[in-house]
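S.K.: Let me begin by handing over the structure; questions about it come next.
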Amino acid sequence: MRRIARASMLLAAASAGCHVLGLVKEMLIAGQFGISRAMDAFYAALAVPHALNNILLSAFGAVFIPAYVRHALLGNEAADRVAAAALRRLGLILALAAAALFAGAPLVIGLGFRGLPPDGAGEAVRILKVVAFTMVLSGAAGALSGVLNARAHFFWPAVSPVLVTLVSIVFIVLGAQRMGVMALAWGLGAGLLAQCLVLAAAARREGFRPAFLDARGEPAVREMTAGALLLIVGIVAAQGNVLVDSVMASYLAPGSLAALSYAAKLVMVPLVVFTGSLATAAFPHFSKQAAGGRIAELKEALAASIRMAGFVFLPLTVALVILARPLIALLFQRGAFDREAAELTSAILACYAPQMFFCTVSILLVRVHLALDERAVMVKVAFAGVGMNVAFNLLFIRLIDPPAAGLALSTSLVQCIASWLFYLPLARRIGALHAQDLLPALLRTACASAAMAAAILAASAAAGARGAGPVACLAVSAAAGAVVFPAAARLLGSTELDGLARLARDACRLRRPGGSR
346 MRRIARASML
356 LAAASAGCHV
366 LGLVKEMLIA
376 GQFGISRAMD
386 AFYAALAVPH
396 ALNNILLSAF
406 GAVFIPAYVR
416 HALLGNEAAD
426 RVAAAALRRL
436 GLILALAAAA
446 LFAGAPLVIG
456 LGFRGLPPDG
466 AGEAVRILKV
476 VAFTMVLSGA
486 AGALSGVLNA
496 RAHFFWPAVS
506 PVLVTLVSIV
516 FIVLGAQRMG
526 VMALAWGLGA
536 GLLAQCLVLA
546 AAARREGFRP
556 AFLDARGEPA
566 VREMTAGALL
576 LIVGIVAAQG
586 NVLVDSVMAS
596 YLAPGSLAAL
606 SYAAKLVMVP
616 LVVFTGSLAT
626 AAFPHFSKQA
636 AGGRIAELKE
646 ALAASIRMAG
656 FVFLPLTVAL
666 VILARPLIAL
676 LFQRGAFDRE
686 AAELTSAILA
696 CYAPQMFFCT
706 VSILLVRVHL
716 ALDERAVMVK
726 VAFAGVGMNV
736 AFNLLFIRLI
746 DPPAAGLALS
756 TSLVQCIASW
766 LFYLPLARRI
776 GALHAQDLLP
786 ALLRTACASA
796 AMAAAILAAS
806 AAAGARGAGP
816 VACLAVSAAA
826 GAVVFPAAAR
836 LLGSTELDGL
846 ARLARDACRL
856 RRPGGSR
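Numbering (this note's numbering), first residue to last: 346 to 862.
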């Protein structure tokens, strides 16, 4: 677990830096475009290629890393042959998918997003024809990241997305007035190209020498493809939730789809920084523990990861629910992003926040299922999730005002149920996790989070009574929470705080990216 956590700390630090810059980009976008119909069109156009990329790259990473680790036991040359064959096949699939999206853009938007007005639909078609081909670049970046992660080199995959953000910012600043939202599409493509070049150079420095014309890796890739088919079905169902939310949001009030996207990106920052880093670092170790039959070690590592996830996300959820409105105002409420947009986005953010812990648990459990070669569970849970999501969406958009917040609350509830659906079959396979360690740790964290909530509310009320402005109230409230939570956690006997501090010190001693191994 210590090796996983040290790698996770490095990844989280790098990813946090990238996402701070990402927030700057989102602030620029919000100020320039707000939650206009043009932004609804942009996110509608992005939904399908984004879903396809997630499907293919998630399946690729899930089957590639265990296969690469197994072949690496025979030497890097054998593993690189498999990687070259896998990259060749993935590139062909993505190129064909991009060409199909380009040719069928009017049909995709016309059938999938009928809620858009005619001018918005036309804009979405134009954007889709550009972003369709970013799938190839995004796929190449994801595949190269998979190669580096499989070699336990995590640094460049974690920091390279900053190039996409930087290039996008340049396009927004220089081209938004002249190009409109098309500046976002072209900036995305140029940034992904820069990311691919950096990752290719990093992989080459690590000794990756793919022979793309060497067919000796094909048998292993055929085996990977067969193993991925069932997995892809499950991922398709899981991505169906994202598409369902986007399509339903296009029928709601103008700006609903854009507001959902702004709030989702804020929630994704801690999820990518912490959860993505933890899962990326843990998966190779889970695979080795499962392959070696070291089930007790696997259970211990999983339980420790869940405890740490709770320690991070339970208080963060409480803070986001309470402070959603002033946080959105501070980050986005300027220019085209007016008070009404801030009210809508903050309501959605408060409903999205509860998913963070459950999403992290689900991701960790999925990694263990994959390490144990249990893919059928993913398919079953994914299809159940789609059904639940549609049902809860239809219910909550009628019960909750604004209706777009109902879509967000549905997502959180589905994630909660899904985490249990992933856990129960795993417990039958390897035995229950040690509840005497896990449950008390989560309960201590929950109690400390409750104390933090009281402190935030009291500090906010006191600051407001003294006439403090929104920024000052937010700063005082956040500071109160930041002081009270660790103090309460320590009084309750939580050990996770010391663990985080120790891991941070360890990570600072690692001077090179390869030191995360």
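In this text, a Cβ means the ideal position worked out from N, Cα and C, and glycines have one as well. Source: prediction; values computed, not measured.
What are the start and end residues of the alpha helix (DSSP H) that includes Phe737?
M.R.: Taking the first residue of the sequence shown as 1, we reach residue 737 at position 392. From DSSP, the alpha helix (DSSP H) with Phe737 extends over 721-744.
S.K.: Just checking my contact of Lys370 with Ile514 at CB under 8 Å: how many whole Å lie between their CB atoms?
M.R.: Reading the sequence shown from its first residue, position 25 is the one you call residue 370. Reading the sequence shown from its first residue, position 169 is the one you call residue 514. Right, their Cβ atoms sit about 5 Å apart.
S.K.: Count the C-beta pairs between the stretch 788-806 and the stretch 822-835 that are closer than 8 Å, then say yes if the count reaches three, no if not.
M.R.: yes
S.K.: Flag this pair as yes or no: are the beta carbons of Ala598 and Thr690 separated by less than 7 Å?
M.R.: In the sequence shown, counting from the first residue as 1, residue 598 sits at position 253. In the sequence shown, counting from the first residue as 1, residue 690 sits at position 345. No, the pair does not count as a contact, with Cβ atoms beyond the cut-off.
S.K.: With DSSP run on the structure shown, which of helix, strand or coil describes Val614?
M.R.: For this step, residue 614 is matched to residue 269 along the sequence shown. DSSP places Val614 in helix when its eight states are reduced to three.
S.K.: Rounded to whole angstroms, what's the CA-CA distance from Trp501 to Arg382? Just pull it up for me.
M.R.: Position 156 of the sequence shown holds residue 501. Position 37 of the sequence shown holds residue 382. Distance between the alpha carbons of Trp501 and Arg382: 36 Å.
S.K.: Can you tell me whether Phe499 is helix, strand or coil according to DSSP?
M.R.: Here residue 499 is taken as the residue at index 154 of the sequence shown, counted from 1. If DSSP states are grouped into helix, strand and coil, Phe499 belongs with coil.
S.K.: Specify, as a first and last residue, the run of the alpha helix (DSSP H) that Leu877 falls within.
M.R.: Here the chain has residues from 346 to 862 only, and residue 877 is not among them.
S.K.: Can you check whether the C-beta of Tyr607 is within less than 7 Å of a C-beta belonging to chain B?
M.R.: Protein chains in the displayed structure number just one, and chain B is not present.
S.K.: For Arg856, which residues of its own chain have a beta-carbon under 8 Å away from its beta-carbon, when the five flanking residues on both sides are left out?
M.R.: Start at 1 with the first residue of the sequence shown, and residue 856 comes out as number 511. Note that Arg856 scores a pLDDT of 40, beneath 50, so its modelled location is shaky and nothing firm can be said.
S.K.: Could you give the C-beta distance for Ala698 and Leu665, rounded to a whole number, given that I count them as a contact under 8 Å?
M.R.: In the sequence shown, residue 698 corresponds to position 353, counting from 1. In the sequence shown, residue 665 corresponds to position 320, counting from 1. Sure, about 4 Å apart at Cβ, within 8 Å.
S.K.: Mind reading off the beta-carbon distance from Leu461 to Ala386? Whole number of angstroms is fine, and I expect it under 8 Å.
M.R.: Here residue 461 refers to the residue found at position 116 of the sequence shown. Here residue 386 refers to the residue found at position 41 of the sequence shown. That pair is a contact at about 6 Å.
S.K.: Do Val663 and Gly457 have their C-beta atoms within less than 7 Å of each other?
M.R.: Stepping through the sequence shown from its first residue, residue 663 is reached at position 318. Stepping through the sequence shown from its first residue, residue 457 is reached at position 112. No, the pair does not count as a contact, with Cβ atoms beyond the cut-off.
S.K.: Between the C-alpha atoms of Asn586 and Ala503, what's the straight-line distance to the nearest angstrom?
M.R.: Here residue 586 refers to the residue found at position 241 of the sequence shown. Here residue 503 refers to the residue found at position 158 of the sequence shown. Asn586 and Ala503: Cα-Cα distance of roughly 26 Å.
S.K.: Along the chain, where does the alpha helix (DSSP H) that runs through Thr620 open and close?
M.R.: Here residue 620 is taken as the residue at index 275 of the sequence shown, counted from 1. Counting along the chain, Thr620 falls outside any alpha helix (DSSP H), and DSSP gives it neither H nor E.
S.K.: Using three-state DSSP, classify Val526 as helix, strand or coil.
M.R.: To locate residue 526, count along the sequence shown from 1; it is residue 181. Correct three-state label for Val526: coil.
S.K.: If I follow the unbroken alpha helix (DSSP H) through Asp464, where does it start and stop?
M.R.: Here residue 464 corresponds to residue number 119 of the sequence shown, with the count starting at 1. Run containing Asp464: 463-476, per the alpha helix (DSSP H) assignment.
S.K.: Within its chain, find whatever has a CB closer than 7 Å to the CB of Glu551; leave out the 5 residues flanking it on each side and keep chain order.
M.R.: By one-based count along the sequence shown, residue 551 stands at place 206. Around Glu551: Leu493, Arg496, His498.
S.K.: Tell me whether Ala469 is buried or exposed, calling it buried when 16 or more other Cβ atoms sit within 10 Å of its Cβ.
M.R.: The residue labelled residue 469 in the question sits at position 124 within the sequence shown. So Ala469 counts as buried.
S.K.: Quick check on the DSSP output: what are the complete alpha helix (DSSP H) runs of length 4 or more inside the stretch 751-830, in order along the chain?
M.R.: Listed in chain order, the alpha helix (DSSP H) runs fully inside the stretch 751-830 are 780-810, counting runs of at least 4 residues.
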